[in-house]
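> Pasting a structure below so you can have a look.
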């Protein structure tokens, strides 16, 4: 069925490095995507979203890239900090389907 | 703090029982969404209410039902509970009808023994 998914269950980066978390989706008609961050014991928190009429969107220290040709999106976190340690989900914003999540671990 | 509140935080019950989870959306938000998060299934959308009316259904079992009241708070009722219903249940709210930025509550952790 239609889904979104994440490439890696775990990503470890050094503090200060850039992080890239990837996500693939299967429905070519999907036109709205959201990235969420979920810290241990908390609910998901909205990070950034992107619509299909854009290839790139930037927020504070985060950038989302959307490649509709290969149905792939990525979340880039600049200068990763210990507070960025969490599970990151991509979601189809219309169908409300979520990927399985990537655990980002920031090493000091 | 997202502004979305959920009660209770934890719930332990037995198989076959019925429980009610409660959610209060952010002030001014008209849509409420319910999600189930389990280790093997990830985050699954269950149902959406907008201004008191059901608007979208996801993977919600027939044993589960929800409603949104005139004051916009919502309740998720889970009945004939099974061991597999043990999970985190999240409520989220958004301002409008269409899917957009959702604010999640802290969740209710349900354990069915």
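Protein chains in written order, with this note's numbering: chain A, -11 to 96; chain B, 118 to 230.
Idealized CB from N, CA, C, for every residue including glycine.
Note that this is a predicted model, so its numbers are computed, not measured.
What are the start and end residues of the beta strand (DSSP E) that includes residue 8/A?
Residue 8/A -> beta strand (DSSP E) spans 7 to 13.
> For residue 43/A, which option in 83/A, 54/A, 5/A has the closest C-alpha, if you only look at C-alpha atoms?
When only C-alpha atoms are compared, the closest one is 54/A.
> Note down the Cα distance separating residue 224/B from residue 149/B, rounded to an integer number of angstroms.
Cα-Cα distance, rounded: 13 Å.
> Short of 9 Å Cβ to Cβ, which residues in the stretch 164 to 179 of chain B face chain A?
From the stretch 164 to 179 of chain B, only 165, 173, 175 have a Cβ closer than 9 Å to chain A.
> Between which residues of its own chain and residue 3/A is the CB-CB distance below 8 Å, once the five residues before and five after are set aside?
The residues are 68, 69, 70, 94, 95, 96.
> Excluding the 5 residues flanking residue 60/A on each side, which residues of the same chain have their C-beta closer than 6 Å to its C-beta?
Hits under 6 Å: 12.
> Quick one: using the 10 Å Cβ neighbour count with 16 as the cut-off for buried, is residue 31/A buried or exposed?
Classification of residue 31/A: buried, given that the 10 Å Cβ count is 16 or more.
> Is the CB of residue 77/A under 8 Å away from at least one CB in chain B?
Yes, because at least one Cβ of chain B sits closer than 8 Å to the Cβ of residue 77/A.
> Quick check on DSSP: helix, strand or coil for residue -11/A?
With a pLDDT of only 48 at residue -11/A, under the threshold of 50, the placement of this residue in the model should not be trusted; the figure read from the coordinates follows. In this structure, residue -11/A counts as coil in the three-state DSSP scheme.
> Are there three or more Cβ pairs, one per stretch, closer than 8 Å when the stretch 122 to 133 of chain B is compared with the stretch 80 to 94 of chain A?
No, because fewer than three Cβ pairs between the stretch 122 to 133 of chain B and the stretch 80 to 94 of chain A fall closer than 8 Å, the two stretches do not touch.
> Just checking my contact of residue 74/A with residue 22/A at CB under 8 Å: how many whole Å lie between their CB atoms?
Not really, about 15 Å apart at Cβ, beyond 8 Å.
> From which residue to which residue does the beta strand (DSSP E) around residue 131/B run?
Residue 131/B -> no beta strand (DSSP E), and no H or E assigned at all.
> Measure from the alpha carbon of residue 6/A to the alpha carbon of each residue in 63/A, 28/A, 56/A, then state which is nearest.
Looking at the Cα atoms, 63/A is the closest of the given residues.
> Between the Cα of residue 230/B and the Cα atoms of 205/B, 198/B, 214/B, which residue gives the shortest distance?
Among 205/B, 198/B, 214/B, the Cα nearest to that of residue 230/B belongs to 198/B.
> Can residue 209/B and residue 152/B be called in contact, C-beta distance under 8 Å?
Yes. Within cutoff.
> Which value, in whole angstroms, describes the spacing of the CA atoms of residue 49/A and residue 205/B?
Spanning the two alpha carbons is a distance of roughly 30 Å.
> So, using beta-carbon positions, are residue 24/A and residue 34/A closer together than 8 Å?
Yes, the Cβ-Cβ distance between residue 24/A and residue 34/A is below 8 Å.
> Suppose the cutoff is 7 Å on Cβ atoms and the five residues either side in sequence are ignored; what does the same chain contact list for residue -11/A look like?
Per-residue confidence for residue -11/A stands at a pLDDT of 48, beneath the threshold of 50, marking its modelled position as unreliable; no derived number is given.
> Can you tell me which of the three DSSP states residue 120/B falls into?
Residue state, collapsed to three classes: coil.
> If I measure Cβ to Cβ from residue 56/A and keep anything under 7 Å in the same chain, skipping five residues before and after, which residues do I get?
Within the same chain, residue 56/A has close Cβ partners 40.
> Looking at C-alpha atoms only, which residue of 135/B, 186/B, 220/B, 216/B is the closest neighbour of residue 200/B?
Measuring from the Cα of residue 200/B, the nearest candidate turns out to be 135/B.
> Which full runs of the alpha helix (DSSP H) of 4+ residues lie inside the stretch 145 to 195 of chain B, going along the chain?
The stretch 145 to 195 of chain B contains no whole alpha helix (DSSP H) run of 4 or more residues.
> Starting from residue 37/A, find everything on chain B with Cβ-Cβ shorter than 9 Å and list it in chain order.
The answer, in chain order, is 217, 218.
> Give every residue of the same chain whose Cβ lies closer than 8 Å to the Cβ of residue 172/B, excluding the five residues on either side of it in the sequence, and list them in chain order.
Counting only Cβ-Cβ distances below 8 Å, and skipping sequence neighbours, we find 148, 165, 166, 214.
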